[in-house]
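Engineer: In my numbering, the protein residues as written are 11 to 265.
Here it is, the structure in full.
Take a look at the structure:
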């Protein structure tokens, strides 16, 4: 055992650290997405292949061996969206946090301006901000946009004449990823009966993820913030900004 430790070079420790950081980053990237189930499926297939060798199940072993021989191609096909998103993050340099602080400051200002504009006109809206848990499964069900978040874009999406106004917009890494997304409704029986579908969808999503949701009520023209399944009603712009800033700071710290 002593000889083993004396043979370890500093390059070996650096090599292991880089691989560990890479694995952690990949897990962080795919957590909360469909890629997790796909990855579990690949692990099950690999374990079945090893079991077929041990138990001498030759036909099953032959099938799995030919399947796993093209596993790299399978991974690229299954995880193409996550790979694209990872490369985009690296290209934007968003992993280092400095740019993210400016980005989220501008994001909060645009969200608040859009919420105020829509609330004054009693136009309903549902704006979701991703944090640590991925929301790709909801993005995939909507209309891909991948645009800069702005008051004008948000207001045009939620305009009554827009075909996407009934769904939610999902914001990932400071950009508007998709619109017209449908969220899971809460199953909590104690939710107030007078809450509409938008509020119930916001509560349902935040019960399952750590996302932040801004809701604009069509009936009352009020702005609400939903987080962890809890809703805060009738927020003024200053109050909403004060509540968003520490939440966005947490996002940046984890980036």
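Every residue gets a Cβ at the ideal spot worked out from N, C-alpha and C, and that includes glycine.
1) I'd like to know whether the C-beta atoms of residue 55 and residue 78 end up nearer to each other than 9 Å.
2) Tell me, please, which residues DSSP counts as bridged to residue 139.
3) Which residue's Cα is closest to the Cα of residue 161: 133, 124, 178 and 247?
4) Determine the direct distance from the alpha carbon of residue 243 to that of residue 120, and round the result to whole angstroms.
5) Rounded to whole angstroms, what is the Cα-Cα separation between residue 197 and residue 177?
6) Cβ atoms of residue 117 and residue 184: under 9 Å apart, would you say?
7) Would residue 208 and residue 201 qualify as a contact pair, given that the criterion is a beta-carbon distance under 9 Å?
8) Three-state secondary structure (DSSP) at residue 128?
9) Alpha carbon to alpha carbon, how far is residue 253 from residue 48? Give it in angstroms, no decimals.
10) Check the DSSP bridge columns for residue 157 and list the partner residues they point to.
11) Go ahead and pull the three-state DSSP assignment for residue 202.
12) How would you label residue 182, buried or exposed, when you count the other beta carbons within 10 angstroms and need 16 or more for buried?
13) Thinking residue 179 and residue 189 are a contact (beta carbons under 8 Å), I'd like their distance in whole angstroms, please.
14) Taking residue 70 as part of the beta strand (DSSP E), name the residues at either end of that continuous run.
15) Using the Cα positions of residue 171 and residue 186, report the straight-line distance between them to the nearest angstrom.
16) Name the DSSP beta bridge partners of residue 191, please?
17) Under the three-state reduction of DSSP, which class applies to residue 21: helix, strand or coil?
18) Could you name the residues of the same chain whose beta carbon sits closer than 7 Å to that of residue 230, not counting the 5 residues immediately before and after it, in chain order?
19) Please state whether DSSP places residue 133 in a helix, a strand or coil.
20) Could you check what DSSP says for residue 27 in three-state terms: helix, strand or coil?
Structural biologist: Taking the coordinates as given:
1) yes
2) 181 and 222
3) Of the candidates 133, 124, 178 and 247, the one whose C-alpha sits nearest the C-alpha of residue 161 is 124.
4) Those two C-alpha atoms are separated by around 20 Å.
5) 19 Å
6) yes
7) Contact flag unset, no.
8) helix
9) 36 Å
10) 186
11) In the three-state scheme derived from DSSP, where H, G and I count as helix and E and B as strand, residue 202 is classed as coil.
12) buried
13) 5 Å
14) Per DSSP, residue 70 belongs to no beta strand (DSSP E); it is in the alpha helix (DSSP H), 68–78.
15) 20 Å
16) 178
17) helix
18) none
19) coil
20) helix
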